[in-house]
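What follows is one structure encoded as structure tokens, with my remarks underneath.
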Amino acid sequence: LDEVPVIAIDGPSASGKGTIAQLVAKELEFHYLDSGALYRLVALKALQIGAAVSEENKLAEIAANLDVAFKDEQIFLDNMPVTDEIRTEECGLMASRLASYPLVRKFLVMRQRAFRQPPGLVADGRDMGSVIFPDALLKVFLTASAEMRAQRRYKQLIEKGMSANIHELQRDIQKRDQRDSNRGVAPLQQNADARLLDTTSLSILQAQNSVLEWYRECCASKRV
Ligand code: CDP
Ligand code: CDP
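The number in UniProt numbering is simply the position in the sequence shown, starting from 1, with 8 added.
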């Protein structure tokens with residue numbers, strides 16, 4: 009399976025990773041892994057059963073036994089649809105807290121690597137290029153200004169019919185980025201071998217095309 013090409017897209021919250029990764033996957037007819045959803049699912053389960061943020065072993069147990077399914081762009085936890093439920097900033101913050109535990113991360117590694125199936129995979133998250141798929145054919149570090157990211161997330165939540173406060177969102181996103189970048193295990197950072205794509209003033213189509221162009225370049229240089 010190491011021959012199966014991977015495009016790794018990492019970056020801070022609401023930089024457009026999911027949107028761009030899904031479009032690129034569709035274009036190439038590749039599989040798609042939303043690794044953040046796994047951390048959000050552990051968070052939702054922890055919130056459901058009242059597990060505290062401090063209980064690393066209990067959270068790791070949840071990660072090890074997570075019953076999830078990704079079907080037709082819908083996400084299920086214990087056979088219940090939770091696609092929108094995991095998108096709240098409450099879940100995002102809880103996810104970011106428990107994602108700093110090495111034991112929690114360890115139990116999610118195999119599950120993520122199992123998505124690497126022919127003809128290829130586009131994976132988005134924080135450590136796709138550094139830890140989960142270090143041999144990815146293309147690594148992209150996707151970012152945008154903090155203001156733009158908060159605005160985009162706000163619009164996204166409102167369009168889903170969820171409530172949101174732009175100031176609180178901006179504060180929460182910053183808090184999460186800071187924790188994700190400074191943790192000891194698998195911190196969010198631009199790898200030396202990742203290409204930087206700043207989408208602050210790029211449309212979704214422009215960002216998608218940059219990634220596709222880079223991917224074709226990588227394929228061509230692999231052939232020679
Ligand atoms: O996955 P991640 O949290 O990085 O971001 P996302 O959920 O894919 O994108 C957040 C929002 O930004 C979505 O509503 C996208 O449609 C929007 N977006 C945009 O307006 N322009 C871009 N160049 C990229 C994303
Ligand atoms: O959509 P957004 O970028 O806001 O977040 P996400 O990708 O759904 O990830 C939620 C949280 O999970 C992040 O804040 C990270 O702390 C954690 N995460 C991680 O540690 N490693 C990953 N590969 C993906 C997410």
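Glycine residues also receive a C-beta, built at the ideal position from the N, C-alpha and C atoms.
- Minimum Cα-Cα distance from R134 among the listed residues P13, D10, K25 corresponds to K25.
- When Cβ pairs closer than 8 Å are counted between the two stretches, the region 55–68 is seen not to touch the region 122–138, the count staying below three.
- When C-alpha distances from S209 are compared across T91, E155, G192, the shortest belongs to E155.
- Within its own chain, the residues whose Cβ lies closer than 8 Å to the Cβ of W222, once the five positions on either side in sequence are excluded, are L146, V148, R203, listed in chain order.
- Residue Q198 holds the alpha-carbon nearest to the alpha-carbon of T151 among Q198, L165, L49.
- By the Cβ neighbour-count rule, M102 is buried, with 16 or more other Cβ atoms within 10 Å of its own.
- Straight through space, the alpha carbons of A172 and K66 are spaced by roughly 30 Å.
- Between the alpha carbons of A194 and L220 lies a gap of roughly 26 Å.
- The residues L177, D180, in chain order, have a CB closer than 7 Å to that of E97 in the same chain once the five nearest residues on each side in sequence are set aside.
- Apart from sequence neighbours up to five positions away, the residues of its chain that approach Y162 with a beta-carbon distance below 6 Å are A172, I174, L177, ordered along the chain.
- Listed in chain order, the non-local C-beta contacts of A68 below 8 Å within the same chain comprise Y109, L111, V112, K114, F115, local neighbours out to five positions each way being set aside.
- For secondary structure counted as the alpha helix (DSSP H) over 4 or more consecutive residues, the region 178–220 holds no complete run.
- Cβ atoms of A29 and Y40 come within 8 Å of each other, at about 6 Å.
- Taking a contact as a CB-CB distance under 8 Å, the pair S189 and A131 does not count as one, their CB atoms being some 19 Å apart.
- About 22 Å separates the CB atoms of L55 and Q120; that is not less than 8 Å, and the two are not in contact.
- Contact between L129 and V14 holds: their C-beta atoms lie close to 5 Å from each other, under 8 Å.
- DSSP places M88 within a strand segment (E or B) once states are collapsed to three.
- The beta carbons of M136 and A215 sit no closer together than 9 Å.
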